[in-house]
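In the numbering used here, the protein residues as written are 292 to 539.
Written out as structure tokens, the structure is:
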């Protein structure tokens with residue numbers, strides 16, 4: 292995080308602090324009629340979107356003599372660029388001006404108002420009408436593997452559990468069949484399931500490693516019961532599914 296005594300401008304400090312909250316997303320930072328990208332985001336976006344990479348001058352950027360890579364797009368045509376990035380498997384964080392610049396005292400307040408990921412897209416222009424856009428999750432408990440699929444654009448929600456020692460191969464088969472756009476995995480998989488993770492990296496899905504506590508079975512069961520407003524998951528065929536419930 293930028294220290295208070297850093298000589299960078301307030302605007303660049305605001306950008307850096309916002310970017311720190313979304314390190315794995317390309318940050319579209321609103322400046323007037325444009326969304327600007329800086330530093331590594333600018334280099335990546337320039338290459339992927341075929342837009343000109345420029346530099347913000349040392350005086351305007353930081354006062355330290357360091358030139359900051361940057362690129363920008365008009366806000367009114369942003370959806371076309373966002374669509375391309377999402378289809379390439381990237382996340383995009385949209386940071387908007389949340390107060391009228393004319394009324395702002397000092398730096399205009401900005402906040403990320405939307406985080407768009409391949410598995411949580413709702414925009415019709417990005418989604419395909421011919422196929423589902425699934426967000427998937429995988430969890431392994433002992434000799435059982437749980438999988439869950441949700442299409443947030445249609446409300447479809449599917450859960451399954453695979454028994455047996457060879458469930459890693461079955462996991463890949465099921466994921467290949469549903470072709471998810473985004474995949475949620477426990478962080479521990481990077482150490483405990485290296486072969487599975489390497490195989491998943493070859494797919495088109497964006498891999499998101501999240502803290503293992505999100506896959507706690509007891510908490511997961513409570514969340515599902517609360518969401519579906521039921522006292523038991525037996526009616527959904529999930530009773531006793533130790534791996535599928537955390538995935539769900």
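C-beta: ideal position from N, C-alpha, C; glycine also.
These figures come from a predicted structure and were not determined experimentally.
Residue i versus residue j: straight-line alpha-carbon distance, rounded
i           : j           : result
residue 530 : residue 453 : 14 Å
residue 367 : residue 361 : 19 Å
residue 513 : residue 475 : 19 Å
residue 487 : residue 430 : 12 Å
residue 525 : residue 505 : 22 Å
residue 387 : residue 433 : 45 Å
residue 412 : residue 443 : 8 Å
residue 338 : residue 376 : 11 Å
residue 415 : residue 484 : 36 Å
residue 346 : residue 393 : 27 Å
residue 508 : residue 311 : 31 Å
residue 358 : residue 334 : 13 Å
residue 341 : residue 332 : 13 Å
residue 419 : residue 407 : 16 Å
residue 467 : residue 322 : 41 Å
residue 515 : residue 473 : 21 Å
Cβ-Cβ distance between residue i and residue j below 9 Å
i           : j           : result
residue 438 : residue 451 : yes
residue 389 : residue 400 : yes
residue 455 : residue 409 : no
residue 496 : residue 384 : no
Own chain, CB closer than 7 Å to residue i, minus 5 neighbours either side, in chain order
i           : result
residue 511 : 536, 537, 539
residue 326 : 319, 320, 363, 364, 366, 369
residue 492 : 498
residue 596 : Residue 596 cannot be examined here, being either before or after the span of the chain that is shown, 292 to 539.
Residue(s) in a DSSP beta bridge with residue i
i           : result
residue 346 : 360
residue 451 : 438
residue 325 : 322, 365
residue 401 : 388
residue 383 : 317, 407
residue 432 : 435
residue 477 : 501
residue 427 : 440, 474
Presumed contact (8 Å Cβ cut-off) between residue i and residue j, rounded CB distance
i           : j           : result
residue 382 : residue 315 : 6 Å
residue 500 : residue 471 : Contact flag wrong, Cβ pair sits at about 15 Å.
residue 417 : residue 445 : In fact, because the Cβ distance is near 14 Å, the residues do not count as touching under 8 Å.
residue 478 : residue 503 : 6 Å
Beta-carbon contacts of residue i that lie in its chain and below 6 Å, excluding the five residues immediately before and after
i           : result
residue 494 : none
residue 436 : 453, 458, 462, 534
residue 448 : 441
residue 402 : 389
residue 301 : 398
residue 309 : 386
Close Cβ partners of residue i (< 8 Å) along its chain, the five nearest in sequence each way excluded
i           : result
residue 481 : 488, 500
residue 317 : 328, 332, 335, 336, 376, 381, 382, 383, 384
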